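Residue numbers (my numbering), protein chains in the order written: chain P, 454 to 694; chain D, 454 to 694. Note sheet for the following structure.
Number of protein chains: 2
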Amino acid sequence: MSTAGLLIIGNEILSGKVVDTNSPFLARELRSLGVDLERILTIPDVVETIAEEVRSFSAAYDYVFTSGGIGPTHDDVTMESVAAAFGKPSVVSDSLVERMERAVGKQLNPAMKKMAMLPEGAQVIDAGDLWFPVIVMENVHVFPGIPQLFEKKFHSIRDRFSGVPVKLTRIYVTRYESDIAEDLHGLLAEFPELMLGSYPRIGEPDYRVMLTLESRDDAYLERATRSLCERLTAAVIHRIE
Amino acid sequence: MSTAGLLIIGNEILSGKVVDTNSPFLARELRSLGVDLERILTIPDVVETIAEEVRSFSAAYDYVFTSGGIGPTHDDVTMESVAAAFGKPSVVSDSLVERMERAVGKQLNPAMKKMAMLPEGAQVIDAGDLWFPVIVMENVHVFPGIPQLFEKKFHSIRDRFSGVPVKLTRIYVTRYESDIAEDLHGLLAEFPELMLGSYPRIGEPDYRVMLTLESRDDAYLERATRSLCERLTAAVIHRIE
Chain P
454 MSTAGLLIIG NEILSGKVVD TNSPFLAREL RSLGVDLERI LTIPDVVETI
504 AEEVRSFSAA YDYVFTSGGI GPTHDDVTME SVAAAFGKPS VVSDSLVERM
554 ERAVGKQLNP AMKKMAMLPE GAQVIDAGDL WFPVIVMENV HVFPGIPQLF
604 EKKFHSIRDR FSGVPVKLTR IYVTRYESDI AEDLHGLLAE FPELMLGSYP
654 RIGEPDYRVM LTLESRDDAY LERATRSLCE RLTAAVIHRI E
Chain D
454 MSTAGLLIIG NEILSGKVVD TNSPFLAREL RSLGVDLERI LTIPDVVETI
504 AEEVRSFSAA YDYVFTSGGI GPTHDDVTME SVAAAFGKPS VVSDSLVERM
554 ERAVGKQLNP AMKKMAMLPE GAQVIDAGDL WFPVIVMENV HVFPGIPQLF
604 EKKFHSIRDR FSGVPVKLTR IYVTRYESDI AEDLHGLLAE FPELMLGSYP
654 RIGEPDYRVM LTLESRDDAY LERATRSLCE RLTAAVIHRI E
């Protein structure tokens, strides 16, 4: 089983000026791959903070992803922070300079040259039809914050990540959570390995709670689903997906 | 200046089944109050993890907010985790039991009684017309994950939080970030206290970069805006907001 952590880097998210859509995107993608996303952390554009969290995430999870802070301006400090996290200097990548000059058709200005400074030892991975590659430092995958680019770049290297996909059954229930809580406890006593979620919804005309039953084991999930249906009785179940 | 940290608690966010809208909501609200949101962390429904992060956030920020995990089912473990964070036992709140029984018009079942267990010493604060109050333990404000309730509850106690609001000017620029990076460096050298953000946009027909200039000092912001406009020249500026 593989685990992952996601670092969202950017003052614009914390100040509410921009809504982070990269987290929900990556959460869904990793789920479908069967990789367990264990933590999402949003932090400001501050080198020491980013470096500390990159170091700690890199040690804690199989895959780490960062979003944001890799452009050419003063507030783009992710790359130097990743270098600092691993105690490496930032060095000009000649192959990246060449690649960028080919893409823009002229010599790089100082701001663009900054984008070609990578942590020593970083891998440069082609990102499909995008001119700027994906940079990977040990298990840390450095992505841009712009959602269109984040998504394209993730898709371009999606094959590198693998896990055992989780199977999901949703059961929509017409009772309040507190009325079915005992049934859920009973179910978990019988199926301790089941991942069971209970989510009340307001304003849904047809149901009050969405239950999610999840397992990496198909047969286990099926048995648990059957057991829950017996506990709840059909009158309480609006639908099963 | 006041600071804040936000803990989003819930497997459903990490697995991509539910999109977290409470973070962007609270980020905008705190910004308009002038409170600096410094960190947003999404973690699973695990007591030890929640307790550790609540303790660390409580020490680091003036205000801490938690979202999720306070319902009546097995996966609602936030309240006991907050108790553990402060080394307090969970105790039945008689006033809360009474309030809940009045609201539902009958004796509480075991699942509902669980919702009346609070960390010893927690404050119970009326939440406007909502039957379930806001629970506050030291500087930690415990909110439900359901967006409608999260928002209503925040509004009901919004007056408790205060800071010095930040003034914002947005400048939309028709050039690439790398073309204006030097101008931004010059601006920051002249106005080191300015909060300056640079956000490239893809697919906008009229501009390529949104710049944000922010300060708590009106006059400072005005001078910085004027200086930047002179540096960039009018031809590059699409509009100012």
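Every residue, glycine too, gets a C-beta built ideally from N, C-alpha and C. Every value quoted in this text rests on a predicted model; they were computed, and no experiment measured them.
What are the residues that DSSP puts in a beta bridge with residue i?
| i | result |
| --- | --- |
| Ile631 of chain D | The question names Ile, but residue 631 of chain D is Ser in the sequence shown. Answer is none; Ser631 of chain D lacks a bridge partner. |
| Ile624 of chain D | D:Leu664 and D:Ile693 |
| Glu637 of chain D | Note that residue 637 of chain D corresponds to Leu in the displayed sequence, not to Glu. The partner list for Leu637 of chain D (beta bridge, DSSP) is empty, contrary to what the question assumes. |
| Tyr516 of chain P | P:Ala457 |
| Ser651 of chain P | P:Leu664 |
| Ile588 of chain D | D:Val577 and D:Val595 |
| Pro462 of chain D | With the sequence shown as reference, residue 462 of chain D is identified as Ile, and Pro is not the correct amino acid for it. Per DSSP, D:Ile496. |
Return helix, strand or coil for residue i, following the three-state DSSP convention.
| i | result |
| --- | --- |
| Phe614 of chain P | coil |
| Ala457 of chain D | strand |
| Glu657 of chain P | coil |
| Arg492 of chain D | strand |
| Met553 of chain P | helix |
| Leu561 of chain D | coil |
| Ser543 of chain P | strand |
| Pro572 of chain P | strand |
| His527 of chain D | coil |
| Phe603 of chain P | helix |
| Phe596 of chain D | strand |
| Ser468 of chain D | coil |
| Leu479 of chain D | helix |
| His535 of chain P | One point to set straight first is that residue 535 of chain P is Val, not His, in the sequence displayed. Reduced to three states, the DSSP call for Val535 of chain P is helix. |
| Lys510 of chain P | The question names Lys, but residue 510 of chain P in the sequence shown is Phe. Note: Phe510 of chain P maps to helix in three-state DSSP. |
| Arg679 of chain D | helix |
| Leu685 of chain D | helix |
| Glu643 of chain P | helix |
| Ser674 of chain P | Ser is not the amino acid found at residue 674 of chain P; the sequence shown has Leu there. It is helical. |
| Arg484 of chain D | helix |
| Thr502 of chain D | helix |
In or out: residue i buried (at least 16 other Cβ within 10 Å) or exposed?
| i | result |
| --- | --- |
| Lys559 of chain D | exposed |
| Arg492 of chain D | buried |
| Thr686 of chain D | exposed |
| Asp528 of chain D | buried |
| Met454 of chain D | exposed |
| Ser615 of chain P | exposed |
| His594 of chain D | buried |
| Ser548 of chain P | exposed |
| Glu683 of chain D | exposed |
| Ala556 of chain D | exposed |
| Gly524 of chain D | buried |
| Leu579 of chain P | A quick correction: the sequence has Asp, not Leu, at residue 579 of chain P. Exposed: under 16 other Cβ atoms inside 10 Å. |
| Ile636 of chain P | The identity of residue 636 of chain P in the sequence shown is Asp, whereas the question assumes Ile. Burial call: buried. |
| Pro597 of chain D | buried |
| Ala480 of chain P | buried |
| Ala634 of chain P | buried |
| Ala569 of chain D | buried |
| Pro497 of chain D | buried |
Worksheet entry | Validate contact between the segment 659-674 of chain P and the segment 474-487 of chain D using beta carbons, cut 8 Å, 3 pairs | no
Discussion item. Which residues of the segment 613-637 of chain D have a Cβ closer than 7 Å to any Cβ of chain P? Give them in chain order.
Written reply: Glu630, Ser631, Ala634, Glu635 and Leu637
Fill in: Residues, ordered as in the chain, of the segment 549-560 of chain D that lie near chain P by beta-carbon distance below 8 Å
none
Discussion item. Counting beta carbon pairs with one atom in the segment 526-539 of chain P and one in the segment 505-513 of chain P, are three or more of them shorter than 8 Å?
Written reply: yes
Worksheet item: Going along the chain, which residues of the segment 492-510 of chain P sit with their C-beta nearer than 9 Å to a C-beta in chain D?
Response: Arg492, Ile493, Leu494, Thr495, Ile496, Pro497, Asp498 and Thr502
Discussion item. I'd like to know if the segment 596-607 of chain D and the segment 643-656 of chain D are in contact, where contact means that at least 3 CB-CB pairs between them fall below 8 Å.
Written reply: no
Item to complete: Taking a Cβ distance cut-off of 7 Å, strictly less, list which residues of the segment 565-585 of chain P are near chain D, in chain order.
Response: Met565
Item to complete: Output, in sequence order along the chain, the residues in the segment 461-481 of chain P whose CB is closer than 9 Å to any CB in chain D.
Response: Ile461, Gly463, Asn464, Glu465, Ile466, Leu467, Ser468, Gly469, Lys470, Val471, Val472, Asp473, Thr474, Ser476, Pro477, Phe478, Leu479, Ala480 and Arg481
Item to complete: With 9 Å as the limit, tell me which residues of the segment 520-533 of chain P have their beta carbon closer than that to any beta carbon of chain D; keep them in chain order.
Response: Gly524, Pro525, Thr526, His527, Asp528 and Asp529
Item to complete: Check distances from the C-beta atoms of the segment 643-656 of chain D to those of chain P and list, in chain order, the residues that come in under 9 Å.
Response: Met648, Leu649, Gly650, Ser651, Tyr652, Pro653, Arg654, Ile655 and Gly656
Fill in: Near-chain D residues of the segment 588-606 of chain P (beta-carbon distance less than 7 Å), N- to C-terminal order
Ile599 and Gln601
Fill in: At least 3 beta-carbon pairs within less than 8 Å: the segment 541-561 of chain D vs the segment 493-503 of chain D
no
Worksheet item: Below 8 Å, can you find three or more Cβ-Cβ pairs linking the segment 611-628 of chain D to the segment 543-554 of chain P?
Response: no
Worksheet item: For the segment 582-598 of chain D against the segment 623-634 of chain D, are there 3 or more C-beta pairs whose distance is under 8 Å?
Response: no
Worksheet item: Along the segment 665-683 of chain P, what residues have a CB closer than 7 Å to any CB found in chain D?
Response: Thr665
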